[in-house]
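The block underneath contains the structure these notes are about, expressed in structure tokens.
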Amino acid sequence: MLNLGPFPGVVKGEPVSRISGEVYDVDNETLDVLDEFEGKWFYREDVLLGNGSKAAMYFLSSEVPCERYSVIGSGNWMDHPVSEDKY
668 MLNLGPFPGV VKGEPVSRIS GEVYDVDNET LDVLDEFEGK WFYREDVLLG
718 NGSKAAMYFL SSEVPCERYS VIGSGNWMDH PVSEDKY
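Structure (structure tokens):
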């Protein structure tokens, strides 16, 4: 998980830490709206949760220059202090 400034971003790859987050039950129409909102910077993919269920998760696109952002080692955006990183 990276600190993009006003929000986090997750890079798909070898797990570095467990990611904490919230899961919402939404319909396909809402997912389409979210896909459009996230735009070219994120893509949605199904992931397996710790309890064995599946959920959709947004990952950073390869177009995002990840090396310029700091890592959130805890995997919990809410526990991460606000920084000067900018998207």
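Be aware that the sequence shown starts at 668, since it is given in our numbering, and climbs by one per residue.
All C-beta atoms in this analysis are idealised placements derived from N, C-alpha and C, irrespective of residue type, glycine included.
Just so you know, these numbers come straight off a predicted model, no measurement behind them.
From the options, residue whose alpha carbon lies closest to that of residue i
i	options	result
residue 725	748, 747 and 706	706
residue 697	688, 711 and 684	711
Spatial neighbours of residue i in its chain, beta-carbon cut-off 8 Å, leaving aside the 5 residues before and after
i	result
residue 722	690, 713, 714 and 716
residue 709	676, 725, 726, 727 and 728
residue 730	707 and 708
Close-in-space but distant-in-sequence residues of the same chain around residue i (CB under 6 Å, 5 per side omitted)
i	result
residue 741	none
Other residues of its chain near residue i: CB distance less than 7 Å, five sequence neighbours each side excluded
i	result
residue 686	668, 677 and 742
residue 739	668, 669, 670, 675 and 747
residue 733	669, 678 and 727
residue 684	740, 741 and 742
Beta-bridge pairing of residue i - partner residues as DSSP gives them
i	result
residue 725	711
residue 737	670
residue 676	669
Range covered by the alpha helix (DSSP H) that runs through residue i
i	result
residue 694	Unbroken run through residue 694: none, as it is neither H nor E.
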